[in-house]
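**Q**
Residue numbers (full-length UniProt numbering): 1 to 327.
(1) Contact between the segment 74-84 and the segment 118-132: three or more CB pairs below 8 Å?
(2) Have a look at 267, 319, 257, 251 and flag the residue whose alpha-carbon is nearest the alpha-carbon of residue 303.
(3) Grouping DSSP H, G and I as helix and E and B as strand, with all else coil, what is residue 145?
(4) Who are residue 321's beta bridge partners in DSSP?
(5) Residue 293: which of 234, 176, 309 sits nearest, CA to CA?
(6) What number of angstroms, rounded off, separates the C-alpha of residue 65 from the C-alpha of residue 322?
(7) My understanding is that residue 244 touches residue 257, with C-beta atoms under 8 Å, so please give their C-beta distance in whole angstroms.
(8) Suppose you measure from the CA of residue 62 to the CA of residue 235; what does that come to, to the nearest Å?
(9) On a Cα-Cα basis, can you pick out the residue from 225, 308, 248, 261 that is closest to residue 240?
(10) Residue 93 bridges to which residues according to DSSP?
(11) Taking Cβ to Cβ, would you say residue 40 is nearer than 8 Å to residue 154?
(12) Give the secondary structure of residue 179 by DSSP, where H, G and I count as helix, E and B as strand, and everything else as coil.
(13) Would you decide whether residue 195 is buried or exposed? Buried here means 16 or more other CB atoms lie within 10 Å of its CB.
(14) Taking only three categories from DSSP, how would you classify residue 165?
(15) Is the separation between the beta-carbon of residue 140 and that of residue 108 shorter than 8 Å?
(16) Can you list, in chain order, the residues of its chain with a C-beta nearer than 7 Å to that of residue 290? Leave out the 5 residues immediately preceding and following it.
(17) Alpha carbon to alpha carbon, what distance is there between residue 167 and residue 212?
(18) Does residue 310 come out as helix, strand or coil in the three-state DSSP assignment?
(19) Closest to residue 125 by CA distance: which of 90, 282, 95, 54 is it?
(20) The alpha helix (DSSP H) that contains residue 63, what's its start and end?
(21) Which ranges does the alpha helix (DSSP H) cover as unbroken runs of at least 4 residues, wholly within the segment 186-248, from first to last along the chain?
(22) Among 18, 101, 174, which one has its Cα closest to the Cα of residue 296?
(23) On the premise that residue 189 lies in contact with residue 31, defined as a C-beta separation below 8 Å, what is that separation, rounded to the nearest angstrom?
(24) Can you find the residues in the same chain that come closer than 6 Å, C-beta to C-beta, to residue 4, ignoring five residues on each side of it along the sequence?
(25) Could you check if residue 307 is buried or exposed, using at least 16 other CB atoms within 10 Å of its CB as the buried criterion?
(26) Give the DSSP-derived three-state secondary structure of residue 7 in the structure shown.
(27) Tell me which residues share the same chain as residue 311 and place their Cβ nearer than 7 Å to its Cβ, disregarding the 5 neighbours each side in the sequence.
(28) Given a cut-off of 8 Å, decide if residue 44 and residue 288 are closer than it, judged by their beta-carbon atoms.
(29) Identify whether residue 76 lies in helix, strand or coil by the three-state DSSP scheme.
(30) Rounding to the nearest angstrom, what Cα-Cα distance links residue 215 and residue 51 in this structure?
(31) Count the other C-beta atoms from every protein chain shown that fall within 10 angstroms of the C-beta of residue 223, then say buried if there are 16 or more, exposed otherwise.
(32) Which residue wins for smallest C-alpha separation from residue 280, given the options 246, 309, 237?
(33) DSSP three-state label for residue 136, please.
(34) Tell me, please, which residues DSSP counts as bridged to residue 174.
(35) So, for residue 85: in the same chain, excluding its five sequence neighbours on each side, which residues have a beta-carbon less than 7 Å away from its beta-carbon?
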């Protein structure tokens with residue numbers, strides 16, 4: 001048995017567990033199926049997620065549930081205007097017991113990090129987190145420390161309250177693989193949510209006790225390697241590039257996506273194919289992830305924004321007009 005055959009067999013075994021991952025998260029996170037799917041896509045693609053939604057829609061519960069289903073370490077940081085970069089990455093401190101200096105590692109040393117209301121912290125602190133996301137390492141006083149993999153950062157923004165916030169520049173937004181909208185639940189979902197949370201629960205505690213661990217962190221790493229090697233036809237690559245290039249010349253878009261958008265489309269498309277149980281990427285995989293991948297990488301013209309258009313509206317037109325290959 002060669003190495004590739006062994007890897008395929010390992011992947012088949014783990015892929016059966018992958019099908020249960022979204023189901024387990026759904027036990028605690030009622031509804032929000034698209035948000036759960038997008039978060040799982042980011043996990044498989046080794047990317048990070050920017051979530052936009054009003055408070056109280058389950059963002060913390062989502063990440064905590066994912067950590068419980070994967071058996072990973074979860075940390076949460078509430079971003080505030082006085083949050084310093086060292087509060088995230090860690091710092092050197094003097095230990096009186098040993099009479100020496102030692103490193104106190106920050107909350108980024110985990111598998112799943114929730115950066116709550118990232119736009120409330122100043123740019124210097126935002127950059128510290130984004131550097132960790134990109135490099136997957138932290139430098140403290142000249143010493144480099146590797147993060148524990150897999151590492152997924154889920155940063156949230158409140159679209160309503162803008163006073164006292166520091167919006168992420170376009171170059172920093174580009175570092176997120178996906179931008180996801182989390183909306184209000186339907187009537188049935190909200191009824192189920194209220195009944196489930198209030199039944200025998202004291203105070204406002206997030207309960208993930210019903211979630212079973214279906215995957216281990218090392219199996220996620222195996223899945224990420226498998227996803228990155230998934231077969232992609234050259235026509236699919238061209239299709240992804242054509243979509244991104246269309247955003248640069250499209251009427252109503254002031255700033256289109258850079259090449260990182262094309263790369264992200266393929267990475268997320270591969271992950272969507274894996275979750276769909278396929279060993280190859282189709283044009284539908286690219287279409288399925290295109291809005292989440294590109295909505296934060298384009299900037300609409302002032303005229304369209306005044307008229308109430310959203311990036312998704314323009315992206316739908318682009319996807320309708322860019323010809324998909326027949327593969």
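Don't be surprised by glycine CBs; every beta carbon is placed ideally from N, CA and C.
In this text the structure is predicted, and so the values were computed from the model without any measurement.
**A** Checking against the coordinates, here is how it stands:
(1) The segment 74-84 makes contact with the segment 118-132; the number of CB pairs closer than 8 Å reaches 3 or more.
(2) On the chain shown, position 303 is the one that residue 303 refers to. Nearest option by C-alpha distance: 251.
(3) Translated into positions along the chain shown, residue 145 becomes position 145. Residue 145: strand per DSSP, three-state reduction.
(4) The residue labelled residue 321 in the question sits at position 321 within the chain shown. Answer is none; residue 321 lacks a bridge partner.
(5) As a working mapping, residue 293 is identified with position 293 in the chain shown. Checking every option, the nearest Cα to that of residue 293 belongs to 176.
(6) Position 65 of the chain shown, counted from the start, is the residue given in the question as residue 65. Position 322 of the chain shown, counted from the start, is the residue given in the question as residue 322. Going by C-alpha positions, residue 65 is about 37 Å away from residue 322.
(7) Sequence index remark: in the chain shown, residue 244 carries index 244 (1-based). Sequence index remark: in the chain shown, residue 257 carries index 257 (1-based). Indeed they touch by this definition, with Cβ atoms about 5 Å apart.
(8) Residue numbering aside, residue 62 sits at position 62 when the chain shown is read from its first letter. Residue numbering aside, residue 235 sits at position 235 when the chain shown is read from its first letter. Here the alpha carbon of residue 62 sits roughly 35 Å from the alpha carbon of residue 235.
(9) Within the chain shown, residue 240 is the residue found at index 240, counting from 1. Nearest of 225, 308, 248, 261 to residue 240, Cα basis: 261.
(10) Walking along the chain shown from the start, residue 93 turns up at place 93. Beta-bridge pairing links residue 93 to 102.
(11) By one-based count along the chain shown, residue 40 stands at place 40. By one-based count along the chain shown, residue 154 stands at place 154. Pairing residue 40 with residue 154 gives a Cβ-Cβ distance that is not under 8 Å.
(12) The sequence position of residue 179 within the chain shown is 179, counting from 1. Of the three classes helix, strand and coil, the one that applies to residue 179 here is strand, per DSSP.
(13) Here residue 195 refers to the residue found at position 195 when the chain shown is read from its first residue. Result: exposed.
(14) As a working mapping, residue 165 is identified with position 165 in the chain shown. DSSP places residue 165 in coil when its eight states are reduced to three.
(15) If you number the chain shown from 1, residue 140 lands on position 140. If you number the chain shown from 1, residue 108 lands on position 108. No, the pair does not count as a contact, with Cβ atoms beyond the cut-off.
(16) Counting from 1 along the chain shown, the entry for residue 290 is found at position 290. For residue 290, the CB contacts under 7 Å within the same chain, skipping 5 residues up- and downstream, are 243, 265, 315, 319 in chain order.
(17) Taking the first residue of the chain shown as position 1, residue 212 is located at position 212. Taking the first residue of the chain shown as position 1, residue 167 is located at position 167. Those two C-alpha atoms are separated by around 37 Å.
(18) On the chain shown, position 310 is the one that residue 310 refers to. The answer is coil: DSSP assigns residue 310 none of H, G, I, E or B.
(19) As a working note, residue 125 is residue 125 in the chain shown. If we check each option's Cα against that of residue 125, 90 comes out closest.
(20) For the purposes of this step, residue 63 is taken as the residue at position 63 of the chain shown. Looking at the DSSP string, the run of the alpha helix (DSSP H) that includes residue 63 is 59-70.
(21) Correct list: 187-198, 217-228.
(22) Along the chain shown, read from residue 1 onward, the residue named residue 296 stands at position 296. That would be 174, whose Cα lies nearest to the Cα of residue 296.
(23) Within the chain shown, the letter at position 31 stands for residue 31. Within the chain shown, the letter at position 189 stands for residue 189. The pair is a contact, with the Cβ atoms about 4 Å apart (cut-off 8 Å).
(24) The residue labelled residue 4 in the question sits at position 4 within the chain shown. Note that residue 4 scores 47 on pLDDT, short of 50, meaning its location in the model is unreliable; the coordinates nonetheless yield the value given after this. Nothing listed; no residue qualifies.
(25) Taking the chain shown and counting its residues from 1, one reaches residue 307 at position 307. Residue 307 is exposed by the Cβ-count criterion.
(26) Walking along the chain shown from the start, residue 7 turns up at place 7. Caution applies to residue 7, whose pLDDT of 49 falls short of 50 and renders its modelled position unreliable; the model cannot decide the point.
(27) Taking the chain shown and counting its residues from 1, one reaches residue 311 at position 311. Excluding five sequence positions before and after residue 311, the CB atoms of its chain that fall closer than 7 Å to its own CB belong to 295, 298, 300, given in chain order.
(28) Here residue 288 refers to the residue found at position 288 when the chain shown is read from its first residue. Here residue 44 refers to the residue found at position 44 when the chain shown is read from its first residue. Not in contact: residue 288 and residue 44 (Cβ atoms no closer than 8 Å).
(29) Numbered from 1 along the chain shown, position 76 holds the residue referred to as residue 76. Collapsing the DSSP output to three states places residue 76 in a strand.
(30) Here residue 215 refers to the residue found at position 215 of the chain shown. Here residue 51 refers to the residue found at position 51 of the chain shown. Answer to the nearest angstrom: the Cα atoms are 24 Å apart.
(31) Within the chain shown, residue 223 is the residue found at index 223, counting from 1. By the beta-carbon neighbour count (other beta carbons within 10 angstroms, threshold 16), residue 223 is buried.
(32) The count along the chain shown starts at 1 and reaches residue 280 at position 280. Per the C-alpha coordinates, the member of 246, 309, 237 positioned closest to residue 280 is 237.
(33) Counting from one through the chain shown, the residue named residue 136 turns up at place 136. Note: residue 136 maps to coil in three-state DSSP.
(34) The sequence position of residue 174 within the chain shown is 174, counting from 1. Paired residue(s): none; residue 174 is not in a bridge.
(35) Taking the chain shown and counting its residues from 1, the one referred to as residue 85 is at position 85. Exclusion of the five residues before and after residue 85 leaves 124, 125, 128 as the residues of its chain whose Cβ lies within less than 7 Å of its Cβ.
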